[in-house]
Structure formats: C-alpha cells, structure tokens
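Enquirer:
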Amino acid sequence: MNDDPATGDVLVAEGSEKMTGSIPRADVARLMVAALYTPEAIDRTFEVVARTDAEKVAPPTLVDIEWNQRTGPKKTTAKA
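So that you can map any letter, position 10 of the sequence shown is 9 in numbering that gives the first Met the number 0, and since no number is skipped, the others follow by simple counting.
1) Under a three-way DSSP split, which group does V62 fall into?
2) Figure out for me which residue from M18, L10, D42 and I41 has the closest Cα to the Cα of V27.
3) Tell me which residues share the same chain as E39 and place their Cβ nearer than 7 Å to its Cβ, disregarding the 5 neighbours each side in the sequence.
4) Can you check which of these residues, P4, N1 and M18, is closest to V47 by C-alpha distance?
5) Would you please state the rounded distance, in angstroms, between the beta carbons of T37 and E13? I believe it to be under 8 Å.
6) Identify, in the order they occur along the chain, each residue of the same chain with its Cβ nearer than 8 Å to the Cβ of P85, setting aside the five sequence neighbours on each side.
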C-alpha cells in the first residue's frame, strides 16, 4: 500500500499468488467499505492492486464484481 491519491480503478483477484503491484490506502479503504454492502464479497478473500500499478496479473484469477457505487471504487473489470 502507498499514500498516493486514490485511483478509483483497481484490479481484484481471488486466490492469486501471481498478482503484484501497489494500491493507494484510500482505494483499499473504499473497497473494504464497499465489501460490507456487496453480497458477492461474503466469505471471499481478494487481492487488489491499482490498475496503473499492476505488475503481474494472472487473468483467470481476476473477478468482476459490481461493488456498491455509493461507497466503492469505480467498477472493476477482468481486463488487465
């Protein structure tokens, strides 16, 4: 994590050990709050990086969830 300004554009993976990069703390905070209001996030573990800082991404592990837009970052997609 870093102290950069929020990007609002993140990649979300599940069960990936092959995704590396960094993410602003503000994006993590927004995603954590959005997860509270996103039923698809229940009982799941995610790895997240800012799309612009992603270094290695294993596309099959990316997930596409409509995070609650009131509190979450912009829509995430499985496109790297």
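By construction, the Cβ of each residue, glycine as well, lies at the ideal position given by its N, Cα and C atoms.
Expert: Concretely, from the data shown:
1) Walking along the sequence shown from the start, residue 62 turns up at place 63. Reduced to three states, the DSSP call for V62 is coil.
2) Start at 1 with the first residue of the sequence shown, and residue 27 comes out as number 28. Comparing Cα positions, the closest option is L10.
3) Your numbering for residue 39 matches position 40 in the sequence shown. Within the same chain, E39 has close Cβ partners I64.
4) Along the sequence shown, read from residue 1 onward, the residue named residue 47 stands at position 48. Checking every option, the nearest Cα to that of V47 belongs to M18.
5) One-based indexing of the sequence shown puts residue 37 at position 38. One-based indexing of the sequence shown puts residue 13 at position 14. Actually they do not touch by this definition, with Cβ atoms about 13 Å apart.
6) This structure cannot settle anything about residue 85, because the visible part of the chain is limited to 0 through 79.
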